[in-house]
Amino acid sequence: GLNTFTTIKSCTEYIADNDVFNATVYVDSGTYDLETEYGLTYLNAIVSETNVGFGPHVGNNTHYIFSEGAKVVFDYSGPNEDCAEFFSAFNITGSVILENADIEVSNCRYCVHEDLPSVVDTLPDQYTVKYIDCIMEHKGNTIGSYTGTLCIGGGTNKNSLSVVDGGRYTCSNQYPHAISYHNYYGSFTS
């Protein structure tokens with residue numbers, strides 16, 4: 021059936037909570053403000069010692085197609101340093117396509133946190149993430165000490181494929197690398 025959501029939070033949570041796979045999500049034009057969607061009460065209360073993927077989770081082989089004029093914004097205005105270090109506009113949990121996504125953030129971790137080992141409990145055997153003609157900007161952090169201000173921050177995993185096709189990725193000079201991948205820290209077993 022066709023579902024209509026008005027927030028990124030409600031849509032991504034519905035897909036994750038109901039194990040919806042292979043959906044296509046059309047994001048209408050408009051501004052999707054994640055600070056408003058999650059609320060300062062929640063964001064200011066985030067307490068964490070590790071990066072466990074606070075913010076929307078996307079995967080399940082979902083294809084997100086953003087209309088022209090659709091923009092996801094997370095400009096955190098609160099004082100919580102854990103939020104600024106561990107919340108990302110999107111957290112990858114499996115295969116996903118982000119097409120024509122326009123994402124702008126500040127005082128948070130990344131536009132997209134593509135590091136499955138730190139987001140999900142059980143790693144998939146394989147996954148593919150495609151970024152098609154996206155525009156992402158991390159404007160930097162002004163609270164706390166976290167300066168890894170990336171558009172896409174990833175940790176490669178076994179049998180993973182990441183495709184960045186077109187687009188524009190810009191970041192602050194705090195850490196002047198808009199896209200950064202590191203090796204997977206854990207051990208692989210087959």
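According to the numbering used here, the residues represented by the sequence shown are 21 to 210, in order. Beta carbons are placed, not taken as given, at the ideal position from N, Cα and C, and that holds for glycine.
Within-7 Å CB hit, residue i to chain B
{"i": "Asp102", "result": "In the structure shown, chain B does not exist; there is a single protein chain."}
Cβ neighbour criterion (16 or more within 10 Å) applied to residue i
{"i": "Leu63", "result": "buried"}
{"i": "Asn193", "result": "exposed"}
{"i": "Ser126", "result": "buried"}
{"i": "Glu88", "result": "exposed"}
{"i": "Asn203", "result": "exposed"}
{"i": "Thr24", "result": "exposed"}
{"i": "Leu22", "result": "exposed"}
{"i": "Gly175", "result": "buried"}
{"i": "Phe106", "result": "buried"}
Residue span of the beta strand (DSSP E) that contains residue i, given as start and end
{"i": "Asn111", "result": "Phe110 to Ile112"}
{"i": "Tyr151", "result": "Tyr147 to Ile152"}
{"i": "Ile35", "result": "No beta strand (DSSP E) contains Ile35, which is instead part of the alpha helix (DSSP H) from Ile28 to Asp37."}
{"i": "Tyr58", "result": "Counting along the chain, Tyr58 falls outside any beta strand (DSSP E), though it belongs to the alpha helix (DSSP H) covering Leu54 to Tyr58."}
Run of the alpha helix (DSSP H) containing residue i, from where it starts to where it stops
{"i": "Ala104", "result": "Glu101 to Phe106"}
Beta bridge counterpart(s) of residue i as assigned by DSSP
{"i": "Val67", "result": "Per DSSP, none; premise fails for Val67."}
{"i": "Phe74", "result": "Phe107"}
{"i": "Cys191", "result": "His158"}
{"i": "Glu124", "result": "Val93 and Glu157"}
TODO: Report yes or no: do the segment 73-81 and the segment 109-123 share at least 3 C-beta pairs separated by less than 8 Å?
DONE: When C-beta atoms of the segment 73-81 are compared with those of the segment 109-123, three or more pairs fall below 8 Å, so the two segments count as touching.
Task: Sufficient close CB pairs (3 or more, under 8 Å) joining the segment 169-188 to the segment 146-155 - done: Taking 8 Å as the limit for Cβ pairs, the verdict is that the segment 146-155 does touch the segment 169-188.
Open item on the list: Any contact between the segment 132-144 and the segment 90-104? By contact I mean 3 or more CB pairs, one from each, below 8 Å.
Closed with: Too few Cβ pairs lie closer than 8 Å, so no.
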